[in-house]
Amino acid sequence: MKTNILSLALSFLSVVAIAQKKEIRDAGKAVEKGSFAEAKTLLNQAEPLLSEANDSYKEDYYLFKGKAYVGTGENTSIEDLMIAAEAFKKAREMGNESAAEGLATVTNSLVQGAINDQNNQAFSKAADKLYTGYQLNNQDTLYLYYAASNEVSAGNYEKALKYYEELKDLGFTGIETQYVAINKETGEEEAMNKTQRDLMVKTGEYIKPEDRITEPKTGEIAKNIALIYIQQGEDDKAIAAIDAAKAANPGDISLLQSEADMYYRMGDKAKYKELMEGIIESDPNNPTLYYNLGVTSFEIGDIDTAISYYKKALELDPELADARLNIAAAILSREGSIVEEMNSLGMSKADTQKYDELSEKRSQIYIDALPYLEKVIENDSSNIEAMRTAMNIYYQIGEDAKADALQEKINQAQN
């Protein structure tokens with residue numbers, strides 16, 4: 001009698017195992033059809049007796065589970081992507097060769113989702129996706145860096161500080177090699193991996209290949225840590241953070257710039273001026289240094305100083321097109337406060353007179369910015385950004401013929 005019971009039990013398990021294998025196979029077919037919800041259901045049904053399956057079926061189970069939960073990769077939730085990642089990892093551990101590709105799909109989905117979130121200014125969501133990408137592979141420290149940057153943009157300073165401190169402990173510098181070339185059709189520079197860049201240059205579609213070493217991000221990280229402490233009212237910690245970064249990275253000009261920026265934000269203008277003058281004395285004929293000082297000055301709202309640094313950069317390197325663009329941008333940035341004041345005026349005689357004065361001042365800003373934009377266009381007829389800005393200015397100051405001519409050039413460049 002006991003033998004019969006055992007026999008029946010074995011038969012039952014055999015039937016269940018066969019059914020389970022069928023569900024796994026059917027889940028694979030559902031994945032191939034793109035029926036991911038159906039695949040999830042079948043896999044959930046097969047899971048309770050997964051321990052009874054042989055390694056081959058377990059491997060298939062985890063691979064199909066990863067594919068079912070990642071889906072198309074578009075708008076997939078972080079939770080589902082994490083489930084997919086764990087499944088792909090188990091499949092990889094069992095020797096499945098497709099699992100690595102699946103994990104790459106998960107990471108790509110997270111990064112693309114983060115880019116979409118950034119474009120929609122959903123910075124907190126972008127940070128969560130990037131941090132998840134870092135958790136999947138701790139070697140991808142750039143994801144942690146960008147997660148921190150997005151937390152800053154979202155105003156989540158405590159989380160940003162945590163990520164920046166982790167980067168600092170890891171010895172993260174952010175230095176990398178960028179492989180760039182210019183797209184002949186658009187005239188724009190594009191970055192890609194080395195193999196792809198070299199192939200595109202061989203086809204003739206891209207020209208002027210260049211291997212470029214990026215600047216270290218240590219200064220920016222130290223600056224952001226300091227700024228968070230300043231925002232929290234902890235100036236002493238801000239100073240200590242910069243000092244520690246300088247001790248670890250002696251000679252890093254970006255850290256000196258960050259230190260000057262920090263003192264400016266603390267309201268210590270004298271210390272700010274002293275540090276800036278020291279930076280210039282360290283390398284007085286370096287156009288890139290003056291350009292970078294212009295950028296930091298503009299970021300903290302010191303427009304006049306920014307323009308003077310950009311002009312000095314141009315004096316040392318007349319081919320520095322970005323300096324001209326940034327001078328134009330700095331000049332045009334003054335328009336905002338003027339427009340705001342114009343909009344606040346009423347209809348009285350005094351207000352009307354004030355409005356006219358402000359309108360003339362606004363027009364003068366356009367006129368002051370134009371020569372820099374025109375010079376950029378003269379040297380680089382493919383610079384659509386400069387052409388579009390100049391075109392809008394021409395329309396504003398009533399030079400419609402010049403504006404129409406630029407519009408035609410823009411249309412030709414984009415077709």
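Heads up, the sequence shown is in the UniProt record's numbering, so the first residue is 1 and it goes up one at a time. Here a beta-carbon is modelled for each residue, glycine too, at the ideal position from N, C-alpha and C. Note that the coordinates shown come from a computational prediction; the quantities given were computed from them, not determined experimentally.
Q. Can you list, in chain order, the stretches of the alpha helix (DSSP H) that have 4 or more residues and sit fully within the region 141 to 185?
A. Those alpha helix (DSSP H) runs which fall completely within the region 141 to 185 and span 4+ residues are 141 to 154, 157 to 170.
Q: State the Cα-Cα distance for the pair residue 141 and residue 163, rounded to the nearest angstrom.
A: Distance from the CA atom of residue 141 to the CA atom of residue 163, rounded to whole angstroms, is 10 Å.
Q. In three-state terms, what does DSSP make of residue 86?
A. The answer is helix: DSSP assigns residue 86 an H, G or I state.
Q: May I have the straight-line CA-CA distance separating residue 322 from residue 108, to the nearest angstrom?
A: When only Cα atoms are considered, residue 322 and residue 108 end up about 32 Å apart.
(Q) Checking 8 Å against the spacing of the C-beta atoms, do residue 265 and residue 225 come in under that value? (A) Between residue 265 and residue 225, the C-beta spacing is not below 8 Å.
Q | Beta-carbon contacts of residue 367 that lie in its chain and below 8 Å, excluding the five residues immediately before and after | A | Closer than 8 Å at Cβ, skipping near neighbours: 397.
Q. Is the number of C-beta pairs between the region 244 to 263 and the region 217 to 231 that are closer than 8 Å three or more?
A. Judged by pairs of C-beta atoms under 8 Å, the region 244 to 263 touches the region 217 to 231, as three or more such pairs exist.
**Q.** Inter-stretch contact (C-beta, 8 Å, three-pair minimum) for the region 149 to 161 and the region 116 to 127
**A.** Segments in contact, yes.
Q | Close Cβ partners of residue 289 (< 6 Å) along its chain, the five nearest in sequence each way excluded | A | Within the same chain, and ignoring the five residues on either side of residue 289 in sequence, the residues whose Cβ sits closer than 6 Å to its Cβ are 283.
Q.
Counting only beta-carbon separations shorter than 8 Å, does residue 152 have a partner in chain D?
A. Of the protein chains in this structure there is only one, and it is not chain D.
Q: Could you tell me which uninterrupted alpha helix (DSSP H) segments, each at least 4 residues in length, are contained entirely in the region 183 to 216, listed from first to last along the chain?
A: Counting only runs of at least 4 residues, the region 183 to 216 fully encloses the following alpha helix (DSSP H) elements, listed from N- to C-terminal order: 194 to 203.
(Q) Given this structure, state the Cα-to-Cα distance separating residue 309 from residue 276, to the nearest angstrom. (A) Distance between the alpha carbons of residue 309 and residue 276 is about 11 Å.
Q) residue 94 and residue 40: beta carbons closer than 8 Å? A) Cβ atoms of residue 94 and residue 40: not closer than 8 Å.
Q: Can you say whether residue 133 is buried or exposed, counting buried as having 16 or more other CB atoms within 10 angstroms of its CB?
A: Burial call: buried.
Q: Take residue 201 and list the residues in its own chain whose beta-carbon comes closer than 6 Å to its own, dropping the five residues that flank it on each side.
A: In the same chain as residue 201, and ignoring 5 residues on each side of it, the C-beta atoms closer than 6 Å to its own belong to 181, 209, in chain order.
Q | For residue 379, the nearest candidate out of 30, 117, 325 (CA to CA) | A | Closest option to residue 379, Cα to Cα, is 325.
(Q) Could you give the first and the last residue of the continuous alpha helix (DSSP H) run that contains residue 113? (A) First-last of the alpha helix (DSSP H) with residue 113: 99 to 119.
(Q) On a Cα-Cα basis, can you pick out the residue from 204, 320, 195 that is closest to residue 211? (A) Cα-wise, what sits closest to residue 211 is 195.
Q.
Quick check: is any heavy atom of the ligand ADP less than 7 Å from the C-beta of residue 341?
A. Among the ligands in the structure shown, none appear at all, so the ligand ADP cannot be discussed.
Q: Give the secondary structure of residue 96 by DSSP, where H, G and I count as helix, E and B as strand, and everything else as coil.
A: Secondary structure of residue 96 (DSSP, three-state): coil.
**Q.** Rounded Cβ spacing between residue 171 and residue 217 (contact assumed at less than 8 Å)
**A.** The C-beta distance from residue 171 to residue 217 rounds to 12 Å, too long to fall under 8 Å, and the pair is not in contact.
**Q.** Segment limits, alpha helix (DSSP H) that includes residue 404
**A.** Segment 400 to 414, the alpha helix (DSSP H) holding residue 404.
Q: Give every residue of the same chain whose Cβ lies closer than 6 Å to the Cβ of residue 405, excluding the five residues on either side of it in the sequence, and list them in chain order.
A: Residues of the same chain with their beta carbon placed closer than 6 Å to that of residue 405 are lacking, with the five preceding and five following residues left out of the count.
Q. Apart from the five residues just before and just after residue 77, which ones in its own chain have a Cβ nearer than 6 Å to its Cβ?
A. Hits under 6 Å: none found.
Q | residue 330 to residue 365 span [Cα, whole Å] | A | So the alpha carbons of these two residues sit roughly 10 Å apart.
Q. Which residues mark the beginning and the end of the alpha helix (DSSP H) in which residue 136 is found?
A. For residue 136, the uninterrupted alpha helix (DSSP H) segment begins and ends at 123 to 136.
Q. First and last residue of the alpha helix (DSSP H) that includes residue 254?
A. 253 to 265 is the extent of the alpha helix (DSSP H) around residue 254.
Q) What did DSSP end up calling residue 340 once you bin it into helix, strand or coil? A) In the structure shown, residue 340 sits in a helix (DSSP, three-state: H, G or I).
Q: Identify whether residue 396 lies in helix, strand or coil by the three-state DSSP scheme.
A: The answer is helix: DSSP assigns residue 396 an H, G or I state.
Q | residue 362 - containing alpha helix (DSSP H), residue span | A | It spans 349 to 379 - the alpha helix (DSSP H) in which residue 362 sits, taken as one unbroken run.
Q | Close beta carbons around residue 26, own chain, < 7 Å, minus the five adjacent residues each side | A | Residues of the same chain with a CB within less than 7 Å of the CB of residue 26, apart from the 5 flanking positions on each side, are 42 in chain order.
Q) Exposed or buried, what is residue 359 when buried is set at 16 or more other beta-carbons lying within 10 Å of its beta-carbon? A) So residue 359 counts as exposed.
Q.
For residue 81, tell me which candidate among 113, 207, 297 has the shortest Cα-Cα distance.
A. Put simply, of 113, 207, 297 the residue whose alpha carbon is nearest the alpha carbon of residue 81 is 113.
Q.
Using the three-state DSSP reduction, which class does residue 56 fall into: helix, strand or coil?
A. DSSP places residue 56 in the helix class (H, G or I) of the three-state scheme.
Q: Would you mind working out which of 161, 104, 158, 118 sits nearest residue 136, comparing C-alpha positions?
A: The shortest Cα separation from residue 136 among 161, 104, 158, 118 belongs to 104.
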